[in-house]
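For reference, the structure discussed in these notes is given below.
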Amino acid sequence: MADVPPAQGQGTKQRWRYDEIVIIVGAGIIGLSCAWRLAQKSIPVTVLEAGRAAREASWAGAGMLAPGGEIESDNEAARLAVRSLAAFAAFVTELQAESGIAIDFQQDGAVELAFTEQEAAALEQKAKVQAGLGIPSVPIARDGALYARFYPEDALVNPRDVTAALRVACERRGVQFLEDTPVLGLLDDGTVQIAAGTLQADEVLVTTGAWTTALLPQAGVLPVRGHLISYGTIARQFAGILRHGHTYLLQRDTGEFLAGATREEVGFNRSLDPAAISDLQARAETLLPSLTGLDLKEYWNGFRPGIAGDIPWIGRIRGRISGAFGHYRNGILLAPETARIIAELLA
Ligand code: GLY
């Protein structure tokens with residue numbers, strides 16, 4: 015394999031030739047998972063990242079592995095979600111073993127609440143559709159809500175643990191990382207243009223999340239901002255996930271208590287919005303009144319990669335270019351299955 019190019023801005027414009035190499039553009043959880051699976055097949059992989067690895071949606075996400083909360087209709091995304099959830103425990107076990115990094119992964123299910131007759135009917139109807147997709151749930155009694163269902167298979171993971179472990183596992187298998195290296199253009203023959211020159215790959219995989227449309231204008235990916243809040247480390251409130259619609263509460267194994275999320279179409283505006291944060295805080299406190307009066311420790315936002323129909327693209331695009339993008343609300347959940355499909359495609 016050729017040497018890696020010099021850091022951006024150094025040296026003269028040059029063309030680097032790689033032999034039988036896959037270049038992955040984008041080092042979020044999807045790109046890192048694909049890089050790991052390809053490297054396990056002894057395929058040389060270089061990952062290019064415009065900023066720092068795993069510092070965007072994969073850093074911001076709560077890590078809900080929850081088809082029960084996110085999947086409402088029968089389509090390819092639903093089947094993918096169910097398969098990926100089934101693969102998650104083995105993915106975590108293997109990744110921990112390869113990286114030596116502990117991953118906070120909790121398989122305690124989710125409780126979803128309904129506060130009105132109308133919400134209860136909608137929740138029952140959703141559960142019927144989900145049962146046909148292989149997403150089980152059972153009605154349970156719960157104080158303070160009109161109706162509640164328990165989703166035994168929903169789970170959660172700390173995505174920051176997963177990406178830290180993926181980075182180590184990738185490096186141990188020889189994956190090269192070029193951070194602060196934006197890709198300026200892609201050609202169908204596998205040419206990748208960066209500021210320092212061009213790279214030539216046998217296969218290029220685009221995993222740039224919400225930023226994909228800048229590289230692939232037909233991708234139809236749009237950023238959908240989400241705010242999350244943290245109450246810091248508090249006493250254990252419950253196991254698993256507690257949710258009402260798209261408001262969800264969960265607790266890391268460290269005791270850190272999180273609430274998500276908002277959904278905002280504001281482009282790539284990174285400003286923290288006080289109105290969005292107080293709306294989320296109010297929703298969290300309605301769901302779990304014992305949070306009332308607690309100060310927030312942190313709040314942040316990130317950009318989900320929204321896509322038409324909410325069905326991610328995972329496969330070849332044209333020539334030597336493939337993509338895995340548009341995972342919208344489920345990038346963490348879908349990482350294992352996306353990586354399996356891509357590794358089969360490109361190996
Ligand atoms: N999957 C949760 C969210 O996107 O907010």
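So in my numbering the end of the sequence shown lands on 361, straight run, no missing numbers.
The beta-carbon is built from N, C-alpha and C at its ideal position, and this holds for glycine as well.
Model, not experiment: these values are computed from the prediction.
| Asked | Found |
| --- | --- |
| Identity of the residues DSSP links to T60 by a beta bridge | I37, Q190 |
| Distance cut-off 7 Å: R97 Cβ against heavy atoms of ligand 1 | no |
| Proximity winner among H260, L301, N315, relative to L286 (alpha-carbon distances) | N315 |
| Own chain residues within Cβ distance below 7 Å of E351, not counting five before or after | L94, R97, S98, A101 |
| Member of L200, L219, G323 whose CA lies at the smallest distance from the CA of G211 | L200 |
| Beta-carbon spacing of A353, R51 below 8 Å | yes |
| Contact test: N315 Cβ vs ligand 1 heavy atom, cutoff 7 Å | no |
| Delimiting residues of the alpha helix (DSSP H) encompassing T107 | 90–113 |
| Secondary structure of L302, DSSP reduced to three states | coil |
| Per-residue burial, D175 [other beta carbons within 10 Å of its own, 16 or more giving buried] | buried |
| Candidates F339, G42, I37, I346, of which the one nearest R181 by Cα | G42 |
| beta-carbon E167 near ligand 1 non-hydrogen atom, thresh 7 Å | no |
| Residue interval of the alpha helix (DSSP H) (run including P196) | Here P196 belongs to no alpha helix (DSSP H), and DSSP marks it neither H nor E. |
| Proximity test, A279 beta-carbon vs ligand 1 heavy atom, cut-off 7 Å | Position check: residue 279 holds Glu in this sequence, whereas Ala was assumed. Incorrect: E279 has no Cβ contact closer than 7 Å to ligand 1. |
| Cut-off 6 Å between Cβ atoms - residues of its own chain near L192, not counting five sequence neighbours on either side | L62 |
| Where N172 falls, given that 16 or more other Cβ within 10 Å makes a residue buried | buried |
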